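Visitor: Following full-length UniProt numbering, the numbering of the sequence shown begins with 1 at its first residue and continues without gaps.
By construction, the Cβ of each residue, glycine as well, lies at the ideal position given by its N, Cα and C atoms.
Note that the structure is predicted; figures quoted are calculated from it, not measured.
The structure follows.
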Amino acid sequence: MLGAHDDFSKVLDQNPVLPSCFFAENDTIALGAMKALKEKGYKIPNDVSLIGFDDIPYSSISSPTLTTIHVQRKIMGKQSVIQLMQLIEDPRFMPMKTQITGKLVERSSVKNLA
């Protein structure tokens with residue numbers, strides 16, 4: 001989080017034209033960016049919206065609360081173990097691409113455009 005904050009602060013020091021929304025690779029990065037934006041005087045979500053990914057617990061208590069994508073970690077873990085076990089049993093096993101759905105968790109870090 002501190003690295004994301006520090007890196008984003010350096011970018012903001014250059015006074016760039018910001019997009020209307022940032023989508024971060026994960027919630028930790030989004031929360032670091034949120035802190036940097038707030039320190040520079042930006043209002044979230046009025047000036048810029050922010051979305052994270054993975055729905056860590058802190059996202060629901062940040063200020064503003066972070067809109068994020070909830071990830072089904074248990075299902076991902078189970079599926080990973082199944083594929084690993086298949087690979088151990090038969091080294092010729094070709095791992096397959098598995099799609100596991102997520103869910104948008106709407107909170108207050110995204111501006112309502114309606």
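Taking the C-alpha atoms as reference points, what is the distance between Arg107 and Ser20?
Guide: On the sequence shown, residue 107 is found 107 positions in, with the first residue counted as 1. On the sequence shown, residue 20 is found 20 positions in, with the first residue counted as 1. Approximately 16 Å, taken between the alpha carbons.
Visitor: So Ser62 packs on Thr68, CB below 8 Å; how close in whole Å?
Guide: Here residue 62 refers to the residue found at position 62 of the sequence shown. Here residue 68 refers to the residue found at position 68 of the sequence shown. About 10 Å; that fails the 8 Å criterion.
Visitor: Using alpha carbons as the reference points, say which of Lys10, Thr101, Pro95 lies closest to Leu37.
Guide: Your numbering for residue 37 matches position 37 in the sequence shown. Nearest option by C-alpha distance: Lys10.
Visitor: Mind checking which residues open and close the alpha helix (DSSP H) that includes Gly32?
Guide: Here residue 32 is taken as the residue at index 32 of the sequence shown, counted from 1. Per DSSP, Gly32 belongs to the alpha helix (DSSP H) from 27-39.
Visitor: By the three-class DSSP mapping on this structure, what secondary structure does residue 172 have?
Guide: Because the chain is modelled from 1 through 114, residue 172 falls outside the range shown and cannot be assessed.
Visitor: Within a Cβ cutoff of 6 Å, which residues of the same chain sit near Gly32, ignoring the five residues on either side of it in sequence?
Guide: Counting from 1 along the sequence shown, the entry for residue 32 is found at position 32. Once the five neighbours on either side are set aside, the close Cβ partners of Gly32 are Met1, Ala4, His5.
Visitor: To the nearest angstrom, how far is it from the Cα of Val17 to the Cα of Leu66?
Guide: Within the sequence shown, residue 17 is the residue found at index 17, counting from 1. Within the sequence shown, residue 66 is the residue found at index 66, counting from 1. Taking the straight line joining both Cα atoms gives about 22 Å.
Visitor: For Gly52 and Asp27, which I take to be in contact (beta-carbon distance under 8 Å), what is that distance rounded to the nearest angstrom?
Guide: One-based indexing of the sequence shown puts residue 52 at position 52. One-based indexing of the sequence shown puts residue 27 at position 27. Yes, they are in contact, since the Cβ atoms of Gly52 and Asp27 sit about 4 Å apart, within 8 Å.
Visitor: Write down the C-beta distance between Leu50 and Ser109 rounded to the nearest angstrom, noting that I regard them as a contact closer than 8 Å.
Guide: By one-based count along the sequence shown, residue 50 stands at place 50. By one-based count along the sequence shown, residue 109 stands at place 109. Rounded, the Cβ-Cβ distance is 5 Å, consistent with contact.
Visitor: Pop quiz: Gln79 and Ile56 are said to be a contact at Cβ under 8 Å. What is the actual Cβ separation, rounded to whole angstroms?
Guide: The residue you call residue 79 lines up with position 79 of the sequence shown. The residue you call residue 56 lines up with position 56 of the sequence shown. About 21 Å separates the two Cβ atoms, so there is no contact after all.
Visitor: Between Val98 and Leu104, what straight-line distance do the alpha-carbon atoms span, to the nearest angstrom?
Guide: Along the sequence shown, read from residue 1 onward, the residue named residue 98 stands at position 98. Along the sequence shown, read from residue 1 onward, the residue named residue 104 stands at position 104. The question names Val, but residue 98 is Thr in the sequence shown. Computed Cα separation, rounded: 19 Å.
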